[in-house]
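> Take this structure, written in structure tokens, and hold onto it; I'll ask about it next.
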Amino acid sequence: MKRTKVVDVLQLRDFGAIVNVKGWVRTHRSSKAVDFIALNDGSTINNVQIVVDPSKVDDNLLKQITTGSCISVVGALVESQGQGQTVEIQADEIEIYGLCGNDYPMQKKGQSFEYMRQFAHLRLRTNTFGAVMRIRHNMAMAIHTYFHEHGYFYFHTPLITASDCEGAGQMFQVTTKNLYDLKKNEDGKIDYSDDFFGKQTSLTVSGQLEGELGATALGAIYTFGPTFRAENSNTPRHLAEFWMIEPEVAFMNLEELMDLEEDFIKYCVKWALDNCKDDLAFLNKMIDKGLIERLEGILKSEFVRLPYTEGIRILQEAIQKGKKFEFPCQWGDDLASEHERYLVEEYFKKPVIMTNYPKAIKAFYMKIDEEESGYNGKSGQTVQGTDVLFPQIGEIIGGSVREENYDKLMGEIQARNIPMKDMSWYLDTRKYGSCPHAGFGLGFERLILFVTGMQNIRDVIPFPRTPNNAEF
Ligand code: 4AD
Ligand code: MG
10 MKRTKVVDVL
20 QLRDFGAIVN
30 VKGWVRTHRS
40 SKAVDFIALN
50 DGSTINNVQI
60 VVDPSKVDDN
70 LLKQITTGSC
80 ISVVGALVES
90 QGQGQTVEIQ
100 ADEIEIYGLC
110 GNDYPMQKKG
120 QSFEYMRQFA
130 HLRLRTNTFG
140 AVMRIRHNMA
150 MAIHTYFHEH
160 GYFYFHTPLI
170 TASDCEGAGQ
180 MFQVTTKNLY
190 DLKKNEDGKI
200 DYSDDFFGKQ
210 TSLTVSGQLE
220 GELGATALGA
230 IYTFGPTFRA
240 ENSNTPRHLA
250 EFWMIEPEVA
260 FMNLEELMDL
270 EEDFIKYCVK
280 WALDNCKDDL
290 AFLNKMIDKG
300 LIERLEGILK
310 SEFVRLPYTE
320 GIRILQEAIQ
330 KGKKFEFPCQ
340 WGDDLASEHE
350 RYLVEEYFKK
360 PVIMTNYPKA
370 IKAFYMKIDE
380 EESGYNGKSG
390 QTVQGTDVLF
400 PQIGEIIGGS
410 VREENYDKLM
420 GEIQARNIPM
430 KDMSWYLDTR
440 KYGSCPHAGF
450 GLGFERLILF
460 VTGMQNIRDV
470 IPFPRTPNNA
480 EF
């Protein structure tokens with residue numbers, strides 16, 4: 010008999026029809042006259058209720074069906090008498106695929122997320138992680154659909170690279186060298202000439218530099234892939250392995266970049282509200298009572314566009330009025346998350362796109378501002394970088410217009426001592442038919458955090474990688 014998914018069974022109304030469902034037992038309640046089994050197969054947050062007449066089934070067998078067991082049920086679809094569901098299945102036959110011992114770590118309700126992280130291989134079977142993973146899938150579909158519909162090409166950039174896009178030196182090395190027997194040259198440096206690639210290589214921190222090659226050929230591209238950062242940040246917002254979406258567009262200026270960032274995020278949020286109703290309703294009830302309201306609020310609000318210099322002025326003003334921050338925020342400082350959260354959650358109460366940051370705190374590739382948007386009338390102090398700051402999350406997007414002028418870009422590369430031998434291919438975009446262009450990077454898991462209302466980034470990716478943790 011053909012199996013029907015729970016999500017489809019719950020839509021059926023042809024009462025009396027014989028159906029077959031398969032899944033994992035969420036709960037099993039017994040009484041003398043009747044047993045109720047709530048069955049879930051991952052296709053939806055909702056369970057289908059199986060009603061069992063104990064006299065019809067081997068008693069011994071029935072008793073063994075506990076939370077977590079995997080079974081197949083054949084029976085008649087009937088209209089439900091109980092509350093909260095319209096259909097249920099009157100079991101005729103139950104086949105046990107796999108029983109689940111009393112030591113099943115996911116059987117108790119109300120376990121902490123921290124506890125469940127130790128069982129990342131099993132936590133997927135809980136309601137919360139099912140909901141999060143289905144939403145994660147939906148967000149990936151939203152992203153591909155958005156860019157496809159807007160004429161962007163999905164462009165694959167390498168994961169193994171010899172360049173450090175963000176220049177922060179937070180890269181994981183890739184080598185086949187014998188670490189117990191490293192050859193060094195006269196200066197005591199490791200000789201990579203006999204390594205697999207004949208040079209030092211790492212896992213990428215961003216696909217942007219290669220993405221720019223795609224954009225300056227295809228017009229508009231986006232990447233969507235794993236990204237690696239060896240930053241020792243043990244925070245609820247950082248992963249060592251995360252997924253990033255990086256669109257890159259030829260002939261795009263700062264205004265258009267901000268329009269894209271805002272339109273894109275709103276599209277994703279709307280997709281979730283339209284396509285993940287049941288999962289969002291569950292998370293709204295169990296995890297975060299303000300979730301759906303917050304998501305709807307994003308669609309209604311116009312993001313604030315705030316130059317960094319103006320942001321600093323607002324923060325200084327707040328300090329004068331008695332607001333206390335842990336970290337300093339003078340012009341030139343990189344904003345800490347307490348500053349970003351003050352602006353977004355207290356001052357404006359909506360998302361903020363901060364722009365025109367001091368050059369010194371941003372990456373080498375950002376376009377240097379012309380005089381009129383500079384700091385204190387001085388030219389060349391700020392760059393056309395944008396960070397999209399979100400309530401609860403902080404920075405969700407980082408992007409910029411790119412410096413397309415060969416000499417200015419070269420100047421930055423030299424000023425920052427970036428090794429030129431690694432950058433010649435990148436500079437060729439500025440040498441041969443250079444064009445104005447812009448792009449951004451969205452941290453996929455930060456988007457999922459926002460859309461699910463989950464508190465810790467380790468709980469929105471199936472198998473998180475963080476300092477001291479590469480389990481599973
Ligand atoms: O601001 P970032 O470092 O920007 C770039 O990498 C640019 N090359 C992007 C571009 O312009 N194409 O990173 C972009 C986003 C951040 O805003 C954040 O959402 C996410 O990536 N991100 C992380 N997410 C999880 N864990 C980490 N360790 C992250 N680091 C950055
Ligand atoms: Mg950033």
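The working numbering puts the first residue of the sequence shown at 10, with every later residue one more than the last. Just so it is clear, CB atoms sit at the ideal spot from N, CA and C, and this is done for glycine as well. Remember, predicted model here, so these are calculated numbers, not experimental data.
#1: Let me make sure I understand the geometry here. Which of 126, 302, 393, 288 has the alpha-carbon closest to that of residue 472?
#2: Are there 16 or more other CB atoms within 10 angstroms of the CB of residue 425, so buried, or fewer, so exposed?
#3: Look at the alpha carbon of residue 92 and the alpha carbon of residue 58, and state the distance between them as a whole number of angstroms.
#4: Excluding the 5 residues flanking residue 481 on each side, which residues of the same chain have their C-beta closer than 7 Å to its C-beta?
#5: Nearest by alpha-carbon distance to residue 238: which of 227, 253, 225 is it?
#6: Figure out for me which residue from 147, 300, 134, 354 has the closest Cα to the Cα of residue 312.
#7: Apart from the five residues just before and just after residue 202, which ones in its own chain have a Cβ nearer than 8 Å to its Cβ?
#8: Is the separation between the beta-carbon of residue 304 and that of residue 352 shorter than 9 Å?
#9: Can you find a heavy atom of ligand 2 that lies under 8 Å from the Cβ of residue 407?
#10: Under the rule that 16 or more other beta-carbon atoms within 10 Å means buried, what is residue 434, buried or exposed?
#11: If contacts are defined as beta-carbon pairs under 8 Å, then residue 257 and residue 221 qualify, I think. What distance do you get, rounded to the angstrom?
#12: Buried or exposed, going by whether 16 or more other CB atoms sit within 10 Å of the CB of residue 40?
#13: Using only CA atoms, which one of 464, 416, 440, 432 lies nearest to residue 403?
#14: Using only CA atoms, which one of 152, 108, 25 lies nearest to residue 101?
#15: Closest to residue 280 by C-alpha separation, out of 77, 113, 146, 14, would be which residue?
#16: Can you give the Cα-Cα distance for residue 456 and residue 260, rounded to whole angstroms?
#17: What's the C-alpha gap between residue 3 and residue 80?
#18: So, are the CB atoms of residue 66 and residue 98 less than 9 Å apart?
#19: In the structure shown, what three-state DSSP assignment does residue 281 receive?
#20: So, with DSSP's three-state summary, where would you put residue 66?
#21: Should residue 525 and residue 71 be called a contact, given that it needs their Cβ atoms to be closer than 9 Å?
#22: Can you tell me whether residue 396 sits near ligand 2, meaning its C-beta is under 8 Å from at least one heavy atom of the ligand?
#23: Please state the DSSP three-state secondary structure of residue 106.
#24: State the beta-bridge partners of residue 409 as determined by DSSP.
#25: Please confirm if the region 411 to 419 is in contact with the region 180 to 191, defined as three or more CB-CB distances below 8 Å between the two stretches.
#26: Under the rule that 16 or more other beta-carbon atoms within 10 Å means buried, what is residue 467, buried or exposed?
#27: Going by DSSP, which residues form a beta bridge with residue 363?
#28: Looking at residue 236: is its Cβ nearer than 9 Å to the Cβ of residue 216?
#29: Report, in whole angstroms, the separation of the C-beta atoms of residue 163 and residue 113, which I expect to be a contact under 8 Å.
#30: Quick one: which unbroken alpha helix (DSSP H) runs of 4-plus residues sit fully inside the region 210 to 265? Chain order, please.
#31: Could you tell me the alpha carbon to alpha carbon distance between residue 251 and residue 107, rounded to whole angstroms?
#32: Looking at the unbroken alpha helix (DSSP H) that takes in residue 437, where does it start and where does it end?
#33: So, do the region 393 to 401 and the region 355 to 374 have three or more beta carbon pairs nearer to each other than 8 Å?
#34: Determine the extent of the beta strand (DSSP E) in which residue 87 is found, giving its start and end residues.
So, from the listed chains and residues:
#1: Within the sequence shown, numbered from 1, the residue matching residue 472 stands at position 463. Among 126, 302, 393, 288, the Cα nearest to that of residue 472 belongs to 126.
#2: Your numbering for residue 425 matches position 416 in the sequence shown. Under this definition residue 425 is an exposed residue.
#3: Within the sequence shown, numbered from 1, the residue matching residue 92 stands at position 83. Within the sequence shown, numbered from 1, the residue matching residue 58 stands at position 49. So the alpha carbons of these two residues sit roughly 11 Å apart.
#4: What you label residue 481 is simply residue 472 of the sequence shown in a count that begins at 1. Contacts found: 129, 130, 472.
#5: Counted from its first residue, the sequence shown places residue 238 at position 229. The shortest C-alpha separation from residue 238 is found at 253.
#6: Working through the sequence shown from its first residue, we reach residue 312 at position 303. Taking only the C-alpha atoms, the option nearest residue 312 is 354.
#7: For the purposes of this step, residue 202 is identified with residue 193 of the sequence shown, where counting begins at 1. Answer for residue 202: 208, listed in chain order.
#8: Taking the first residue of the sequence shown as 1, we reach residue 304 at position 295. Taking the first residue of the sequence shown as 1, we reach residue 352 at position 343. Cβ distance not < 9 Å, so residue 304 and residue 352 don't count as in contact.
#9: The residue you call residue 407 lines up with position 398 of the sequence shown. True, at least one ligand heavy atom lies under 8 Å from that Cβ.
#10: The residue given as residue 434 occupies position 425 in the sequence shown. Under this definition residue 434 is an exposed residue.
#11: Along the sequence shown, one-based indexing puts residue 257 at 248. Along the sequence shown, one-based indexing puts residue 221 at 212. So it is a contact: roughly 6 Å between Cβ atoms.
#12: Locating residue 40 in the sequence shown gives position 31, where the first residue counts as 1. Looking at its Cβ environment, which holds fewer than 16 other Cβ atoms inside 10 Å, residue 40 is exposed.
#13: In the sequence shown, counting from the first residue as 1, residue 403 sits at position 394. It is 464 whose Cα lies nearest to the Cα of residue 403.
#14: One-based indexing of the sequence shown puts residue 101 at position 92. Ranking 152, 108, 25 by Cα distance to residue 101 puts 25 first.
#15: Walking along the sequence shown from the start, residue 280 turns up at place 271. Answer by Cα proximity: 146.
#16: Here the question's residue 456 lines up with position 447 in the sequence shown. Here the question's residue 260 lines up with position 251 in the sequence shown. If I take the Cα positions, the gap works out to 27 Å.
#17: Residue 3 is absent from the structure shown; the chain starts at 10 and stops at 481.
#18: Here residue 66 refers to the residue found at position 57 of the sequence shown. Here residue 98 refers to the residue found at position 89 of the sequence shown. No, Cβ-Cβ distance for residue 66 and residue 98 is not below 9 Å.
#19: Translated into the one-based positions of the sequence shown, residue 281 becomes position 272. Of the three classes helix, strand and coil, the one that applies to residue 281 here is helix, per DSSP.
#20: The sequence position of residue 66 within the sequence shown is 57, counting from 1. The answer is coil: DSSP assigns residue 66 none of H, G, I, E or B.
#21: With the chain covering 10 to 481 only, the question about residue 525 has no answer from this structure.
#22: Indexing the sequence shown from 1 puts residue 396 at position 387. At least one heavy atom of ligand 2 falls within 8 Å of the beta-carbon of residue 396.
#23: Working through the sequence shown from its first residue, we reach residue 106 at position 97. Residue 106 falls in the strand class under three-state DSSP.
#24: Here residue 409 refers to the residue found at position 400 of the sequence shown. In the DSSP output, where bridge partners are listed per residue, residue 409 has 394, 448.
#25: Short answer: they don't touch.
#26: Sequence index remark: in the sequence shown, residue 467 carries index 458 (1-based). By the neighbour-count rule (16 or more Cβ atoms within 10 Å), residue 467 is buried.
#27: As a working note, residue 363 is residue 354 in the sequence shown. The partner list for residue 363 (beta bridge, DSSP) reads 315, 396.
#28: To locate residue 236, count along the sequence shown from 1; it is residue 227. To locate residue 216, count along the sequence shown from 1; it is residue 207. It is a contact, given that the beta carbons lie within the stated cut-off.
#29: The count along the sequence shown starts at 1 and reaches residue 163 at position 154. The count along the sequence shown starts at 1 and reaches residue 113 at position 104. Going by Cβ atoms, the distance from residue 163 to residue 113 rounds to 40 Å, so no, they are not a contact pair.
#30: 217 to 227
#31: Along the sequence shown, read from residue 1 onward, the residue named residue 251 stands at position 242. Along the sequence shown, read from residue 1 onward, the residue named residue 107 stands at position 98. Going from the Cα of residue 251 to the Cα of residue 107 covers about 34 Å.
#32: The residue given as residue 437 occupies position 428 in the sequence shown. Looking at the DSSP string, the run of the alpha helix (DSSP H) that includes residue 437 is 433 to 440.
#33: yes
#34: As a working mapping, residue 87 is identified with position 78 in the sequence shown. It spans 79 to 88 - the beta strand (DSSP E) in which residue 87 sits, taken as one unbroken run.
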